[in-house]
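A short worksheet on the structure shown next.
Residue numbers (our numbering): 149 to 485.
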């Protein structure tokens with residue numbers, strides 16, 4: 149007899165945050181709560197409720213050095229909290245540092261490395277809120293743009309747009325690039341498939357972009373962050389075209405010199421990003437049933453070199469070792485050897 153597990157839709161996980169090298173994972177939920185999970189098993193070690201009930205969590209960020217959690221919900225309420233956690237993620241103490249509300253829908257939150265401020269990307273603009281002082285600076289930004297913390301220079305922020313890269317400082321949100329940013333000649337007039345198709349990782353020297361092109365092609369762009377600075381006038385970035393057997397549904401992380409992604413058939417795959425133009429194949433690792441992919445926005449993330457966290461309804465599923473399974477898949481325009 150088949151048994152169907154019932155779940156409360158308001159408990160569904162909406163966002164996943166994993167601090168580098170941490171033994172726990174944060175999950176924001178549709179009911180406004182935040183849960184902390186043990187990395188090895190996915191077991192819930194703490195449940196936190198800072199936001200109003202039944203107002204979904206849109207984004208969360210964690211500063212491991214200062215133990216500060218930044219969270220934002222669908223009502224644009226932004227909260228910064230200091231947590232005292234055990235190594236496994238059990239919560240021992242909570243201290244509210246900041247709470248504010250933005251007038252527009254918040255799409256993304258970043259937390260300053262020194263814990264002094266939050267950057268909030270909204271529809272049409274981005275705002276810098278200093279903890280304890282409120283709004284201190286703002287800049288116009290496109291809805292499809294994405295902010296990333298500079299992977300190697302913590303005092304800088306990078307704004308990624310469809311055809312330009314702009315560099316700002318955390319101090320005052322001051323732009324250091326000139327004339328509207330650094331043009332990306334290879335991607336001029338292209339638009340990212342979704343706003344979340346730029347991928348970076350703290351400490352890595354690259355940022356990867358994924359684009360859906362015509363003729364069933366997928367475009368990849370790799371930005372070397374060492375080449376991004378206030379004196380840069382143009383980035384000569386190649387748009388590498390590849391014909392995958394199915395389109396990329398979601399880019400989920402960088403690890404081991406590879407870009408990991410979920411394709412539209414449900415396969416977790418990866419492609420090497422070093423000399424990507426010369427790569428003849430990509431790699432399939434394992435399959436996530438399409439019946440599990442029911443959320444409008446999937447929460448899925450590479451958390452260690454061989455583990456992936458995936459939100460299935462109200463449960464966090466952690467796949468350990470599954471990335472070690474490898475099947476070469478040659479591109480449709482590359483003959484098998």
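Idealized CB from N, CA, C, for every residue including glycine.
- Remark: C-beta atoms of residue 178 and residue 207 do not approach each other more closely than 8 Å.
- Beta bridge pairing from DSSP links residue 295 with 307.
- Residue state for residue 436 is assigned as coil, using DSSP reduced to three classes.
- Ranked by how close their Cα comes to the Cα of residue 295, the residues 277, 367, 315, 311 have 315 in first place.
- Excluding its 5 nearest sequence neighbours in each direction, residue 480 has C-beta neighbours in its own chain below 7 Å: 391, 393, listed in chain order.
- Counting the other CB atoms within 10 Å of its CB gives residue 425 a total below 16, which places it among the exposed residues.
- It is roughly 25 Å from the alpha-carbon of residue 373 to the alpha-carbon of residue 285.
- Residues 304, 306 of the same chain have their beta carbon placed closer than 6 Å to that of residue 298, with the five preceding and five following residues left out of the count.
- By the neighbour-count definition (other C-beta atoms within 10 Å, threshold 16), residue 234 is an exposed residue.
- Straight-line measurement puts the Cα of residue 469 at about 19 Å from the Cα of residue 463.
- Judged by DSSP secondary structure, residue 241 falls within the beta strand (DSSP E) whose first and last residues are 239-249.
- Counting of Cβ neighbours within 10 angstroms places residue 228 among the buried residues, the total reaching 16 or more.
- Taking the Cα of residue 357 as reference, the smallest distance to any Cα among 410, 415, 164, 387 is reached at 387.
- For residue 205, same chain residues with a beta-carbon under 7 Å away, outside a window of 5 residues either side, are 162, 163, 176, 177, 180, 182, 199, 219, 221 in chain order.
- Ranked by Cα distance from residue 250, the options 412, 309, 271 are led by 271.
- Boundaries for residue 351: no beta strand (DSSP E) harbours it, and the DSSP string shows neither H nor E there.
- Check the Cα spacing between residue 330 and each of 288, 412, 312: the tightest is with 312.
- Distance check between residue 472 and each of 441, 416, 248 places 416 closest, using alpha-carbon atoms only.
- DSSP links residue 207 through a beta bridge to 220.
- Here residue 260 is not near residue 212, since their CB atoms are 8 Å or more apart.
- Counting the other CB atoms within 10 Å of its CB gives residue 327 a total below 16, which places it among the exposed residues.
- Residue ranges of uninterrupted beta strand (DSSP E) with 3 or more members, entirely inside the region 245-287 and ordered along the chain, are 254-259, 265-270, 273-278.
- A distance below 8 Å between beta-carbons, with the five flanking residues on each side excluded, links residue 278 to the following residues of its chain, in chain order: 264, 265, 284.
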